[in-house]
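Take a look at the structure set out below.
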Amino acid sequence: MIEIVDFEPWHQHYFEHFNRQWIEELFTMEPVDEYVLANPEKAIIEPGGAILMALYNKQVAGTVGLRKVDEHTYEFTKMAVDTLFRRKGIAEALSLASFEKALALGATEVILYSNTKNAGAIKLYEKLGFRHIAVENGVYERANVKMTIAINEKKIPKEPLIKSISTQ
6 MIEIVDFEPW HQHYFEHFNR QWIEELFTME PVDEYVLANP EKAIIEPGGA ILMALYNKQV
66 AGTVGLRKVD EHTYEFTKMA VDTLFRRKGI AEALSLASFE KALALGATEV ILYSNTKNAG
126 AIKLYEKLGF RHIAVENGVY ERANVKMTIA INEKKIPKEP LIKSISTQ
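The numbering of the sequence shown is the working numbering, which starts it at 6 and goes up by one.
This is how it looks when you write it as structure tokens:
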């Protein structure tokens, strides 16, 4: 069973650990990664964004952030699922829940940056309706893919996915 909950301070360790797994496996940690992973509340939540955590059978299994870019645009960022929980639908559940959260935050657009090395993730994003756009320089050294999706009621599951509960 997958549950999506809002980030709480005790989730920071999981947020950092899950993201370090994939970044260090495929790339090099960048200074922006180090800052965001060590300070997710300051880097993502306090400026108006959100972080969601996925629980699988009550165990913390994955995460995704929504970083506020401007009044109506959020960056889908730092999505990661622990290696023990992959291929269980968690990434898709996190993605759909992030659309729900983005709409609640006032978003009309969500963007993301990725890399062609993340072929499975890119395939999921395309399936969800993200479309490719040009990548600008200077965001992430590893980014060679940028995608966007318009956020509206059609993208939101009929049953809310996000539960505001404490699981500590």
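We put the beta carbon where it would ideally sit given N, CA and C, even for glycine. Because the structure is a prediction, the values reported are computed rather than measured.
Alpha-carbon to alpha-carbon, residue j and residue i
i	j	result
N24	L110	24 Å
L133	A124	14 Å
T121	I127	7 Å
I170	G54	The predicted position of I170 is uncertain, since its pLDDT is 42 and thus under 50; a value taken from the coordinates is nonetheless stated next. About 18 Å.
Q173	V74	For Q173, the predicted model reports a pLDDT of 40, less than 50, meaning its position is unreliable and no value from the coordinates is stated.
Coarse secondary structure for residue i, derived from DSSP in three states
i	result
D38	helix
I156	coil
Range covered by the alpha helix (DSSP H) that runs through residue i
i	result
H18	17-31
A98	95-109
Residues that residue i bridges to, as DSSP identifies them
i	result
K132	Answer is none; K132 lacks a bridge partner.
R209	Lying outside 6 to 173, the shown extent of the chain, residue 209 is not represented and no answer is given.
Supposed close pair residue i, residue j - CB separation, criterion 8 Å
i	j	result
I116	K83	Wrong, their Cβ atoms sit about 14 Å apart, outside the cutoff.
G67	V86	4 Å
L57	I9	5 Å
Y118	A148	4 Å
L99	V144	With a Cβ gap of about 21 Å, L99 and V144 do not count as contacting.
T175	A155	Any answer about residue 175 is impossible in this case: the structure gives the chain only from 6 up to 173.
Where the beta strand (DSSP E) containing residue i begins and where it ends
i	result
E141	It is not in any beta strand (DSSP E) - E141 carries neither H nor E in the DSSP assignment.
K83	78-86
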